[in-house]
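Here the protein sequences come in this chain order: A and B.
Residue numbers for the first sequence follow this note's numbering, beginning at 1284 and rising by one.
Residue numbers for the second sequence follow this note's numbering, beginning at 1284 and rising by one.
Cβ coordinates follow ideal geometry from the N, Cα and C atoms, glycine included.
Notes follow once the structure below has been shown.
There are 2 protein chains.
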Amino acid sequence: LIQFENISKVYQMGLELVHALRDITLSIRKNEYVSIMGPSGSGKSTLMNIIGCLDTPSTGKYFFKQYDVSDMSDNELADIRNKEIGFVFQTFNLLPRATALKNVELPLVYSGVNSSKRKEIAQQLLEGVGLGDRITHKPNELSGGQRQRVAVARALANNPSIILADEPTGNLDSKTGKEIMILFNKLWEKGNTIILVTHEEEIAHYSHRIIRLRDGLVESDEKNGNP
Amino acid sequence: LIQFENISKVYQMGLELVHALRDITLSIRKNEYVSIMGPSGSGKSTLMNIIGCLDTPSTGKYFFKQYDVSDMSDNELADIRNKEIGFVFQTFNLLPRATALKNVELPLVYSGVNSSKRKEIAQQLLEGVGLGDRITHKPNELSGGQRQRVAVARALANNPSIILADEPTGNLDSKTGKEIMILFNKLWEKGNTIILVTHEEEIAHYSHRIIRLRDGLVESDEKNGNP
Ligand SMILES: Nc1ncnc2c1ncn2[C@@H]1O[C@H](COP(=O)(O)OP(=O)(O)OP(=O)(O)O)[C@@H](O)[C@H]1O
Ligand SMILES: Nc1ncnc2c1ncn2[C@@H]1O[C@H](COP(=O)(O)OP(=O)(O)OP(=O)(O)O)[C@@H](O)[C@H]1O
Ligand SMILES: [Mg+2]
Ligand SMILES: [Mg+2]
């Protein structure tokens, strides 16, 4: 499903080069449940952004369902991002002037779902993350963990087959965090592919494979014996 | 040092009332090391914002060093916020167009420190959180955990005697998170007062007292036997 061959990502800062990813080769199959761990700054979000077609590598090849992503048009990439992939961002990226409901509706607007159906789907998703009584709140009228949960609900709006979640429980107490992980488990059981970035071992243990990054490289890539 | 008497905070949303804090009475003495825990949405950040003089309660009294905060002028409050309290925000609140260095310098600009001294202090603080090689990066050129650490460094710029940190390790791997906690420990040993919000029990166990909120009320307030 997802294949990286010698992927690197380098930023130029004046005279200095920052190697966010150095040389990543890995593949992820359909319906896998993978966690990505590693120190702060090791390249996890950069990796997720490339997988999610939000960023392009500096060198190397990315094959999505066996198609070379670098050959795809902007429209094809936009379609993948909107319909196939649900992305929970590490910093949420909610529209500040829209309500929780409108924020979750946004991917459904892009995929052409009619207004009353959109509201119904968005309402259900927000109830599913415990925010049924917060749908009219804007992001600055929500707690940090509530914003995080709106970001999770929005990622699921188009029923994507691949869920990319960058630290989805970082702002949640353990009980609320578990509720989100139970939700992801159910999505995985339905055949979806889940890729999580987390720095909490307890959260990584819901997954079946743990990839650890260090300094832009894969340090280890192992099955998780007891999910 | 900090005394709350029957503090409440209520938001009006159309016809609905949201009780972020319902009735909080507590006191925190100088050089205490307190953690505040509780479910997502239970009122932790709201409590911190009132302590930090960034928000006012709807009812109740807040005494800061025995002065009634509601009687203070805007200038007096600004002085407290700038010189006495260092605040690490749950969502960092960095200036997006300024470098890490300039972001950390900002409180020193307000307190009138000269330019070369500011740079030196800001540089040292960033090295102290492991970001010596990232001082010229802007927030969007930093990882989530790096932005969080810039927010920590900025909170310490004016050498405040009270540190309020709202989930300071939420985006950090455990090793980097421990480095921040060691830093806070050192600050506490120097006589400062530390108030942390966290949802991780391991982090709360660095403190000496754990206050747990639920639904805008104090559910429990206990000494931590083994910090
Ligand atoms: N401006 C506002 N208008 C309306 N409701 C608000 C506003 N700000 C916060 N709230 C509500 O007040 C409650 C408490 O929010 P607060 O941010 O203090 O929670 P928290 O304990 O910090 O949660 P988290 O762990 O998720 O960060 C939440 O239910 C939130 O929806
Ligand atoms: N636009 C950019 N310009 C320069 N350097 C960048 C840029 N974006 C990221 N970096 C650097 O690339 C490295 C990897 O960043 P990335 O966000 O992938 O880390 P991460 O593993 O997600 O970290 P965290 O756990 O803190 O979120 C970091 O050292 C960061 O400073
Ligand atoms: Mg990241
Ligand atoms: Mg909060």
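> In the segment 1369-1390 of chain B, which residues sit with their C-beta less than 7 Å from some C-beta in chain A, listed in chain order?
Replying inline: Gln-1373 and Thr-1374
> For Leu-1300(B), does the count of other Cβ atoms within 10 angstroms reach 16, so buried, or fall short, so exposed?
Replying inline: exposed
>> So if I threshold CB-CB distances at 9 Å, which residues from the segment 1320-1339 of chain B count as touching chain A?
In response: Met-1320, Gly-1321, Pro-1322, Ser-1323, Gly-1324, Ser-1325, Gly-1326, Lys-1327, Ser-1328 and Thr-1329
> Who pairs with Ser-1457(B) in a beta bridge, going by DSSP?
Replying inline: Per DSSP, none; premise fails for Ser-1457(B).
> Starting from Leu-1447(B) and walking both ways along the alpha helix (DSSP H), at which residues does that stretch end?
Replying inline: Segment 1445-1449 is the beta strand (DSSP E) holding Leu-1447(B); no alpha helix (DSSP H) there.
> Looking at chain A, which residues of the segment 1284-1313 of chain B have a Cβ within less than 9 Å of any of its Cβ atoms?
Replying inline: Tyr-1294, Met-1296, Gly-1297, Glu-1299, Val-1301 and Ala-1303
> If you pair each beta-carbon of the segment 1438-1457 of chain B with each one of the segment 1377-1396 of chain B, do three or more pairs fall below 8 Å?
Replying inline: yes
> Hey, is Gly-1453(A)'s beta-carbon within less than 9 Å of any beta-carbon in chain B?
Replying inline: yes
> Closest Cβ-Cβ distance between Gly-1428(B) and chain C: below 9 Å?
Replying inline: Of the protein chains in this structure, namely A and B, none is chain C.
> Helix or strand or just coil, what does DSSP make of Ala-1361(A)?
Replying inline: helix
>> I want to see whether chain B comes within less than 9 Å of Gln-1407(A), judged by CB atoms only; does it?
In response: no
> Is any beta-carbon of chain A found at less than 9 Å from that of Lys-1469(B)?
Replying inline: no
>> Between Cys-1336(A), Asp-1351(A) and Arg-1380(A), which has its C-alpha nearest Asn-1365(A)'s C-alpha?
In response: Cys-1336(A)
> Which residues in chain B sit within 8 Å of Asp-1357(A), going by Cβ to Cβ distance?
Replying inline: Those within 8 Å of Asp-1357(A) in chain B number zero; the least Cβ separation is about 22 Å.
> Under three-state DSSP, which class holds Val-1352(B)?
Replying inline: helix
> Looking at the structure shown, is Glu-1315(B) part of a helix, part of a strand, or coil, going by DSSP?
Replying inline: coil
>> Run through the DSSP bridge pairs and tell me what Leu-1439(A) is partnered with.
In response: According to DSSP, Leu-1439(A) bridges with nothing at all.
> Can you find a CB in chain A that lies within less than 9 Å of the CB of Lys-1458(B)?
Replying inline: yes
> Is the Cβ of Arg-1432(A) closer than 9 Å to any Cβ of chain B?
Replying inline: yes
> Listed from N- to C-terminal order along the chain, which residues in the segment 1473-1487 of chain B have their beta-carbon within a distance smaller than 9 Å of any beta-carbon of chain A?
Replying inline: His-1482, Glu-1483 and Glu-1484
> Where DSSP assigns a beta bridge to Arg-1497(B), which residues make up the other side?
Replying inline: Leu-1500(B)
>> Which of the three DSSP states is assigned to Arg-1380(B) in this structure?
In response: coil
>> Residues in the same chain with beta-carbon distance under 8 Å from Asn-1314(A), minus the five sequence neighbours each way, listed in chain order, please.
In response: Trp-1471, Gly-1474, Asn-1475 and Thr-1476
> What separation, rounded to the nearest whole angstrom, lies between the Cα atoms of Ala-1434(A) and Phe-1372(A)?
Replying inline: 7 Å
> Cβ of Asp-1449(A) within 8 Å of any heavy atom in ligand 3?
Replying inline: yes
>> Below 9 Å on C-beta distance, what does Glu-1424(B) contact in chain A?
In response: Tyr-1294, Met-1296 and Val-1301
>> Contact criterion: CB-CB distance below 9 Å. Does Thr-1342(B) meet it with respect to chain A?
In response: no
> Can a CB atom of chain B be found closer than 9 Å to the CB of His-1491(A)?
Replying inline: no
> Three or more C-beta pairs closer than 8 Å, one from the segment 1451-1459 of chain A and one from the segment 1396-1408 of chain A: is that the case here?
Replying inline: no
> Buried or exposed: where does Asn-1397(A) fall if 16 or more other Cβ atoms within 10 Å of its Cβ makes it buried?
Replying inline: exposed
> Checking contacts by CB at 9 Å: is Arg-1410(B) closer than that to chain A?
Replying inline: A quick correction: the sequence has Glu, not Arg, at residue 1410(B). It does not: the Cβ of Glu-1410(B) has no partner Cβ on chain A nearer than 9 Å.
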